[in-house]
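In this note's numbering, the protein residues as written are 717 to 1103. C-beta: ideal position from N, C-alpha, C; glycine also. The block underneath contains the structure these notes are about, expressed in structure tokens.
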């Protein structure tokens, strides 16, 4: 719109030609918004609020009388408050470049003043302290002209051809060089030690590798030896097992043959001997009965008959014994027991026949032994079982 003016964000609009501004200023200050300005009757000017820079290259003399060339950079701007804008506008509105020139001169004066109270050592080692003191001493003066300083940086300090700073740094350089040499020597020593350690490790590794290879070779040799011996050993074990089996078989055959000999020779011989002994016993018993019969006159005929029959009975029993399958459990004693049993059975049969004959004679005085013995030969009192 015609007559409506708006300042930029980094500008302050100064309107003159009307009523006065704040504090009796010859103009009104407008920032951050626009304003309608009557043409012809009002005049508008703009003051920059942007950051400005000023450089200082000043030759200063220290407290020791040594000349130093100090280079510094000052960053400043017009303050944002109305009072600072008014102060700056009254001084720099027509020539705003003068702000940098005046700021440089102000700081150059304060820099010379402060450096004059310090030694070269303090200036070199405490640059931040120097900058802080310059800022503090120039703050009030800068505020009067509407400017504020954001930062002050000391770029360089040079003593020209005097060589004072160089001499001052010589001990430090020597110390640094000494430390560097020491560090280099230590690094070299550490490198040598590391190389030696690496060589020792490599030698140890080679030794261990050789030992392992030797052990492995020995193990392979032992395995090959065991493998070579495995066949003969297996064959020997197999032969040994065959011999053991053959020996056991021979022992079994010997025991079987011994049992066969016992069954084929010993037992028949023992049975034959027992038969002969029984015959002898029967013959002795027959002679005894004959003697007793001779002593008894009234039973001569009966005893004669019985005596004649007894050998035949015993003979038949012994014949049956010779053909029988007799299990003898206790050897010769068992055979004796069997023979004694047969003799006892024969005597029992004889007594039974006598009693039967006597009974028949009493019941039949006519005498005669008309009755015969039963199926067991009249010998019911005793029984011999021979298989």
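What are the residues that DSSP puts in a beta bridge with residue 783? On the chain shown, position 67 is the one that residue 783 refers to. Residue pairing of residue 783 in beta bridges, as defined by DSSP: 777.
Alpha-carbon to alpha-carbon, residue 826 and residue 853: Stepping through the chain shown from its first residue, residue 853 is reached at position 137. Stepping through the chain shown from its first residue, residue 826 is reached at position 110. Each residue's Cα considered, the two are about 7 angstroms apart.
Pairing CB atoms from the stretch 871 to 879 with CB atoms from the stretch 776 to 794, are three or more of them under 8 angstroms? Contact between the stretch 871 to 879 and the stretch 776 to 794 is present, with at least three C-beta pairs closer than 8 angstroms.
So residue 758 is in the alpha helix (DSSP H); what residue range does that whole segment cover? Here residue 758 refers to the residue found at position 42 of the chain shown. That residue, residue 758, is in no alpha helix (DSSP H); it is neither H nor E in DSSP.
Assigned secondary structure, residue 870 (DSSP; H/G/I helix, E/B strand, else coil): Within the chain shown, the letter at position 154 stands for residue 870. Here residue 870 sits in strand by DSSP.
According to DSSP, simplified to helix, strand and coil, what is residue 727? Residue mapping note: residue 727 aligns to position 11 of the chain shown, counting from 1. Strand, per DSSP.
Is residue 776 closer than 7 angstroms to residue 831 when the C-beta atoms are compared? Against the chain shown, residue 831 aligns to sequence position 115. Against the chain shown, residue 776 aligns to sequence position 60. Yes; because the gap between Cβ atoms is below 7 angstroms, this pair is in contact.
Tell me the start and end of each unbroken alpha helix (DSSP H) in the stretch 946 to 1011 that is at least 4 residues and wholly inside, in chain order. Within the stretch 946 to 1011, the complete alpha helix (DSSP H) segments of 4 residues or longer fall at 983 to 1011, listed in chain order.
Which residue or residues does DSSP assign as beta-bridge partners of residue 751? In the chain shown, the residue the question calls residue 751 occupies position 35. In DSSP, residue 751 forms a bridge with 721.
Residue range of the alpha helix (DSSP H) that includes residue 838: Translated into the one-based positions of the chain shown, residue 838 becomes position 122. Its alpha helix (DSSP H) spans residues 836 to 841.
Taking just the CA atoms, how far does residue 947 sit from residue 929? As a first step, residue 929 is located in the chain shown; it is residue number 213 there, counting from the start. As a first step, residue 947 is located in the chain shown; it is residue number 231 there, counting from the start. Annotation: residue 929 to residue 947 spans about 28 angstroms, alpha carbon to alpha carbon.
Is residue 835 near residue 894, with beta carbons less than 7 angstroms apart? Locating residue 835 in the chain shown gives position 119, counting from the first residue. Locating residue 894 in the chain shown gives position 178, counting from the first residue. Result no, Cβ atoms of residue 835 and residue 894 do not sit closer than 7 angstroms.
Where do the N-terminal and C-terminal ends of the alpha helix (DSSP H) with residue 809 fall, by residue? Numbered from its first residue, the chain shown carries residue 809 at position 93. Per DSSP, residue 809 belongs to no alpha helix (DSSP H) and is neither H nor E.
Residue 788: buried (16+ other C-beta within 10 angstroms of its C-beta) or exposed? To locate residue 788, count along the chain shown from 1; it is residue 72. It counts as buried.
Euclidean distance between Cα positions of residue 1098 and residue 965: Walking along the chain shown from the start, residue 1098 turns up at place 382. Walking along the chain shown from the start, residue 965 turns up at place 249. Note that residue 1098 scores 38 on pLDDT, short of 50, meaning its location in the model is unreliable and no value can be drawn from it.
Work out the CA separation of residue 904 and residue 766 for me, nearest whole Å. For the purposes of this step, residue 766 is identified with residue 50 of the chain shown, where counting begins at 1. For the purposes of this step, residue 904 is identified with residue 188 of the chain shown, where counting begins at 1. C-alpha of residue 766 to C-alpha of residue 904: approximately 57 angstroms in a straight line.
Assuming residue 725 and residue 732 are in contact, meaning their beta carbons sit under 8 angstroms apart, how far apart are those beta carbons, in whole angstroms? Here the question's residue 725 lines up with position 9 in the chain shown. Here the question's residue 732 lines up with position 16 in the chain shown. Between the beta-carbon of residue 725 and that of residue 732 there is about 22 angstroms, and that puts the pair past the 8 angstroms contact cut.
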